[in-house]
Every structure is written in C-alpha cells, then in structure tokens.
Amino acid sequence: MVIFICMALAAGAALAVQAAINSRLAKGLLVQPLVAATVSFAVGTILLLALCVWKADLSGAWQQMPQQPWWKYLGGLLGAGFVFTTIFLAPKLGITNMLFFVIVGQLLTAAVIDHFGLIGMAARPFHIWHVFGLLIVGLGLAVFFFGRRWLG
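In terms of full-length UniProt numbering, the sequence shown is residues 1 to 152.
In structure tokens form, the structure reads like this:
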C-alpha cells in the first residue's frame, strides 16, 4: 500500500511540474496553449507507444478497440482538456491556486463516483467522516486564499 501512496504523491508532484513546464513551452511557442498541449500529448504518445511495443500486447489490444463503447475513449479527450487547462490557467492563477481548485474538483467528483459506483467502479459509500475531511480541505483553502485578509 505504501508504494501506491508514493506513486500517487509522485503523480501529484508531476502534475505541478508538468503545468510549469507546459506553460513555459506555450510561452516559447508564441503563447499558444493549444500548440503546447498538442506537443505535450505528442511527446507523451510517442513514449507510451514505445512502452507498448516493448511491454504490452499492442496488437491484441488493438483488435479489441472496435468492440469498446464510444464513451470509453472520452478519457483521452478529458486528458487533453486537462493538459490544455493547466497550460492556460497556470500563468493566470499560479500553479498552487490552479491545483487547489483542480484537487477540489477531483475530490468532489471522485466522491460521487466512489459513492455511487459510477462508470463501472466499485461502490465505496461516502460517510460523515469523508464530509468532515472535505470540509477541512475547504477550510484549508479558505485560509490559504483569504488568511492574509482575515488576519492582516
């Protein structure tokens, strides 16, 4: 379990670094967030394709693709939208502010998906302690964003 938590923390760290790198790429490409998102996805696609050739049954998976319902391919669209959004918003909000709102959106959506077992996920009922945890996160956000005004 510890390794999975470490992996999740590393993924979170990578999101912050990715937002910064991709925002700088957009600036270097004449402030074109769409171009930067496309380049970022292209580089990631090349890496993933190389890993698939090396480690996965790419041809077997490829044969299964036509049998999948259309909605299962929305993950790529959502990922592209996420990368574009971080490139666009990081310079405007700052990476910390942007990721706070991203994380709140993720937590609220994940809670609904888990509670109801949506999209084929196992149902994990939401309990009062989860509500308290989200409220504490919300309070932390309020202190982070408005603490100076309240105390200063």
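Even for Gly, the Cβ is constructed at its ideal location relative to N, Cα and C. If you're wondering where the values come from, they're calculated on a predicted model, not measured in any experiment.
A distance below 8 Å separates the beta carbons of F126 and A111.
Within the same chain, L99 come within 7 Å of L15 by CB-CB distance, once the 5 residues on both sides are set aside. When secondary structure is reduced to three states using DSSP, L29 falls in the coil class, being assigned neither helix nor strand. In terms of Cβ geometry, A42 and A26 do not form a close pair [threshold 8 Å]. Buried is the label assigned to T86, since at least 16 other Cβ atoms lie within 10 Å of its Cβ. Taking a contact as a CB-CB distance under 8 Å, the pair V104 and N22 does not count as one, their CB atoms being some 21 Å apart. Annotation note: the region 20-84 contains the following uninterrupted alpha helix (DSSP H) runs of length 4 or greater, listed N- to C-terminal: 33-55, 58-64.
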